[in-house]
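To keep things clear, I will list the structure first and then write my remarks on it.
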Amino acid sequence: MDPLQVIEKFYPPGSETHTILVQHSRQVAKKSLEIARNMADTDLDLDFIEKAAMLHDIGIFLTASPGIGCTGDAPYICHGYLGRELLDKEGLDPAFGLVAERHTGAGICLDTILRHNLPLPRRDMVPITPAEKIICCADKFFSKTPQHRHRKMTVSDIMAELFAIDPAHARRFSRWAKAFYL
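Residues in the sequence shown are numbered from 722 upward in steps of one, following our numbering.
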């Protein structure tokens, strides 16, 4: 499976959203592979990690995010589970869809969804597998917004942003950052 061929089913090559998505996805894939190669776990599937990182944000076009060229109807927070639905419909291994669904924030637990009445399915969407955690963590280092696309964030920057969203996200990311030697 070629992730770029999957992306191009939903994002016309040369379009603003295609450019933004592919650039961001390549950054996340590179960082994910860097993290994975530094891990003691030699059973990590680097090919899967690279492809899943390329596809993790496939659902952004379905959201109302004009700053990154997305003209869909859903709130941005929905792009993860919407991406899972797209990848599942494409017939890909369900593990790809789970990466897409579980990468938002530092994962979103059912309690947070219920407490804040988020427009998400009523289920835990927190990374479970090492690959899911690695890709979720790597994603936080890079923005898709035009003014920040070329800047790599620091662990401190990420922690501050996540803490403002939900302290549980910051704590989860902090555990990963330590485990991944970031």
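Glycine residues also receive a C-beta, built at the ideal position from the N, C-alpha and C atoms.
When you compare each of the options to residue i by their alpha carbons, which one comes out closest?
i	options	result
valine 743	Asp766, Leu776, Ser895, Ala900	Leu776
methionine 874	Thr740, Met722, Gly735, Val749	Val749
tyrosine 797	Arg805, Glu806, Gly780	Gly780
phenylalanine 769	Asp814, Gln726, Pro733	Asp814
leucine 883	Thr866, Phe901, Leu903, Lys861	Lys861
leucine 783	Leu767, Asp766, Leu839, Leu803	Leu803
histidine 739	Arg896, Lys865, Met760	Lys865
proline 840	Cys799, Arg805, Val876, Ile856	Cys799
arginine 844	Trp897, Leu831, Asn838, His890	Leu831
Report the partner residues of residue i according to the DSSP bridge assignment.
i	result
lysine 730	Note: lysine 730 sits in no beta bridge, so no partner.
alanine 795	Thr784
lysine 873	Phe863
isoleucine 829	Met846
Below 8 Å on the Cβ atoms is my guess for residue i versus residue j; work out the distance and round it to an integer in Å.
i	j	result
alanine 859	alanine 774	7 Å
glycine 818	aspartate 809	5 Å
leucine 879	phenylalanine 894	It should be noted that the sequence gives isoleucine, not leucine, for residue 879. Right, their Cβ atoms sit about 6 Å apart.
alanine 852	leucine 765	7 Å
arginine 872	valine 847	About 27 Å separates the two Cβ atoms, so there is no contact after all.
Roughly how many angstroms separate the alpha carbons of residue i and residue j, rounded to a whole number?
i	j	result
isoleucine 829	arginine 892	13 Å
isoleucine 789	proline 888	26 Å
glutamine 726	glutamate 771	14 Å
lysine 730	leucine 807	10 Å
lysine 751	leucine 835	34 Å
isoleucine 849	alanine 816	11 Å
leucine 754	leucine 767	7 Å
methionine 697	glutamate 811	Limits of the chain in this structure are 722 at one end and 903 at the other, which puts residue 697 out of reach.
proline 724	glutamate 737	18 Å
glycine 826	lysine 899	18 Å
cysteine 857	alanine 885	18 Å
leucine 903	valine 876	7 Å
Against chain B, with Cβ distances strictly below 8 Å, would residue i count as a contact?
i	result
isoleucine 798	No chain B appears in the structure shown, which is made up of a single protein chain.
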